[in-house]
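**Q** Have a look at the structure that comes next, please.
Residue numbers (this note's numbering): -17 to 481.
Here it is in structure tokens:
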């Protein structure tokens, strides 16, 4: 790797303060082929997949053919056939041990589109199993129209539209089982990627769970937004954990910022609502399994859900916070008898297909952009301070061809970078001022650098970010504590356990 000093400034452009839905950054160059891929996302096919899955009556992970044509086995066979029909994909049934159903075979369905680098992975996933009010009930109807028919339809549709195109990295599509009883399927595959990839290196894991746009819980204005969950360090996941703060850094928050820039550039019709925690208080989904393996991962989710879950812990009162006030009363039933989620009422008739398709387009834009981008710069450091300016050093990425680099900074009071400063390869050392980064001298900030190829594809910003204050710059002491494991799966009894 070649060591790079801080270089002369080529270009300074302002970044949007809000994420998806803001005016595109002037320094972002869109890929025409990626734009065409997004236009091919078909909301009807997403709905068709959810409807087919609903018709299996239940996809509870232990429902091994309660009757012919029903149950999780029939759903798994359908998904395997659908992935296998897409030219260019490698498809596998991925077995794992599910302690709640030791006598029933349990499988994830995974497929991948090989890239020029077979082991550098961009992962798109969502679970396909469903549940009803009692999580251990493997025979009653658990249609799972939104949870998990919608996300399965999104992942399968993304496989269809991305296949047939060439990428530097391998794009992996995962339909997990066992999520509802404790993330069993994703825990297994996240820890065993070397079953299928010789030297797996995960760039990002994009998880979608409940992206359907429930028409009871969401007003039309709500369908212009989506939630994006990304934890800090330590991970905010327990029911009484406060939300995270901006004066923090983590690999998953870097993904959040990337989605803000590139999702907004490609899909301005929908706005990201960043949530500063791993998931809703006390809840979980499959991205958590990948974070526990030190992989950057986030969750895409509809704005409001027909469930009594709070969206976050920002209420300022006793924690956990209550469900949002605007959610209808039937959605707040803590017994889950009148909710849509985790009940026989989770039907495709409540899905908003064009909304799920918008989320799919954001995910496709991010996945395709990262799959064509160089690797992130390595060994990033900064010296100096927030008053007089900083000097940065880093190693060039090992993957991809770099045209230039982008330096960006954010106040410790903000989530998103203020300005993008493009720098060339080989020029003299130079101190970059706080003003050039869009900051006031003396204000503490985080700074990092990304790599951009000749077509404008940008990497994730180097992790960890460096924090600079009025006296010095340093990597935060907690920055590498990203692998805190998930607790063991609890006994399957809590109606709000996962999702």
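For each residue, glycine too, the CB sits at the ideal point set by N, CA and C.
Note that the structure is a prediction, hence the values are computed from the model and not measured.
When burial is assigned at 16 or more other CB atoms within 10 Å of the CB, is residue 316 buried or exposed?
**A** With fewer than 16 Cβ atoms within 10 Å of its Cβ, residue 316 is classed as exposed.
**Q** Contact defined as beta carbons within less than 8 Å: I believe residue 219 pairs with residue 261. What is the distance between those atoms, to the nearest angstrom?
**A** Indeed they touch by this definition, with Cβ atoms about 6 Å apart.
**Q** Using 10 angstroms around the beta-carbon of residue 383, count the other beta-carbons present and answer buried if the total reaches 16, otherwise exposed.
**A** It counts as exposed.
**Q** Between the C-alpha atoms of residue 8 and residue 277, what's the straight-line distance to the nearest angstrom?
**A** Model confidence at residue 8 stands at a pLDDT of 45, short of 50, so the residue's coordinates are unreliable and nothing is read from them.
**Q** Under 8 Å by Cβ, that's how I've got residue 258 and residue 209 pegged, so tell me the actual separation to the nearest angstrom.
**A** About 11 Å separates the two Cβ atoms, so there is no contact after all.
**Q** Starting from residue 189, follow its DSSP beta bridges and name the residues at the other end.
**A** BP columns for residue 189 point to 107, 281.
**Q** For residue 125, which option in 456, 323, 429, 426 has the closest C-alpha, if you only look at C-alpha atoms?
**A** Selected option, being the one with the closest Cα: 323.
**Q** Count the other CB atoms, across all protein chains shown, that sit within 10 Å of the CB of residue 392; report buried if there are 16 or more and exposed otherwise.
**A** Buried, by the Cβ-count rule.
**Q** Around the C-beta of residue 445, are 16 or more other C-beta atoms found within 10 angstroms, so that it is buried, or is it exposed?
**A** Under this definition residue 445 is a buried residue.
**Q** Where residue 270 and residue 108 are concerned, what is the direct C-alpha to C-alpha distance, given to the nearest angstrom?
**A** Looking at the two C-alpha atoms, the distance is approximately 12 Å.
**Q** Compare the C-alpha of residue 320 against each of 299, 300, 288, 303 and name the closest.
**A** Cα-wise, what sits closest to residue 320 is 288.
**Q** From the DSSP secondary-structure annotation, give me the bridge partner or partners of residue 72.
**A** Residue 72 pairs with 94.
**Q** Out of 77, 51, 147, 81, which one is the CA nearest neighbour of residue 92?
**A** The shortest Cα separation from residue 92 among 77, 51, 147, 81 belongs to 77.
**Q** So, helix, strand or coil for residue 464, using DSSP?
**A** Reduced to three states, the DSSP call for residue 464 is coil.
**Q** Which stretch, first to last residue, makes up the alpha helix (DSSP H) that contains residue 239?
**A** Here the alpha helix (DSSP H) through residue 239 covers 233 to 240.
**Q** Would you kindly work out how many angstroms separate the C-alpha atoms of residue 133 and residue 424, rounded to a whole number?
**A** Whole-angstrom Cα-Cα distance: 45 Å.
**Q** Once the 5 residues before and after residue 114 are set aside, which same chain residues still bring their CB inside 8 Å of it?
**A** 40, 42, 122, 123, 124, 324, 325, 326.
**Q** What's the call for residue 395, buried or exposed, on a 16-neighbour Cβ count within 10 Å?
**A** Exposed.
**Q** Buried or exposed: which applies to residue 227, given that a residue is buried once 16 or more other Cβ atoms fall within 10 Å of its Cβ?
**A** The residue is exposed, with fewer than 16 neighbouring Cβ atoms inside 10 Å.
**Q** Does the stretch 61 to 74 touch the stretch 232 to 240, meaning 3 or more C-beta pairs lie closer than 8 Å?
**A** Result no; under three Cβ-Cβ pairs closer than 8 Å.
**Q** Does the contact criterion of 3 or more C-beta pairs under 8 Å hold for the stretch 334 to 341 versus the stretch 152 to 171?
**A** The stretch 334 to 341 vs the stretch 152 to 171: no contact.
**Q** Skipping 5 residues on each side, what residues in its chain have a beta carbon closer than 7 Å to that of residue 457?
**A** Cβ within range, chain order: 446, 448.
**Q** Flag this pair as yes or no: are the beta carbons of residue 452 and residue 443 separated by less than 8 Å?
**A** No, the pair does not count as a contact, with Cβ atoms beyond the cut-off.
**Q** Would you report the Cα separation of residue 53 and residue 213, rounded to the nearest angstrom?
**A** Looking at the two C-alpha atoms, the distance is approximately 34 Å.
**Q** In whole angstroms, give me the CA-to-CA distance for residue 16 and residue 438.
**A** So the alpha carbons of these two residues sit roughly 12 Å apart.
**Q** Rounded to a whole number of angstroms, what is the C-alpha to C-alpha distance between residue 221 and residue 297?
**A** Distance between the alpha carbons of residue 221 and residue 297 is about 13 Å.
**Q** Is DSSP giving residue 147 helix, strand or coil here?
**A** Residue 147 falls in the coil class under three-state DSSP.
**Q** Among 139, 44, 426, 229, which one has its Cα closest to the Cα of residue 167?
**A** Nearest option by C-alpha distance: 44.
**Q** Using a Cβ-based criterion (distance less than 7 Å to any ligand heavy atom), does residue 92 qualify as near the ligand ATP?
**A** The ligand ATP is absent from the structure shown, which contains no ligand whatsoever.
**Q** Helix, strand or coil: which one does DSSP assign to residue 254?
**A** Residue 254: strand per DSSP, three-state reduction.
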